[in-house]
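Report on the structure given below.
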Amino acid sequence: MKLSAGGVWLIVVLLGLLAAAVWGFQAAWTLGGDTPMGVHGWIAMGLAAVLVTALGGGLMWLAFYSSRHGYDDEQGTDGEGEP
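Residue numbers (my numbering): 177 to 259.
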């Protein structure tokens, strides 16, 4: 499979954004200093990660379900041609 020039640029830009996000998170974590995080903080962080992942997965499932079952086919029409 050969990528087009646009595909290569897309991958480069996305990898750059990922690198910037990782750098930003690392910088924010370092600037926090030696502030300890208790058990409740770790539990909250873990729950947030699980819930955000579940929400994202659920929304992606809903988008694919809607698309595959034809709910997105004739958006904005009454089913009889032009709106």
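Where is the CB? At the ideal position from N, CA and C, for every residue including glycine.
query, result
"Minimum length 3: unbroken beta strand (DSSP E) runs contained in the segment 177–230", "none"
"Rounded separation between residue 219 and residue 213 - CA only", "10 Å"
"Nearest-angstrom Cα separation, counted from residue 226 out to residue 232", "10 Å"
"Residue 202 Cβ short of 7 Å to the ligand GTP heavy atom set", "Within the structure as shown, the ligand GTP is missing, as the structure has no ligands at all."
"Inter-residue spacing [alpha-carbon to alpha-carbon] between residue 193 and residue 186", "11 Å"
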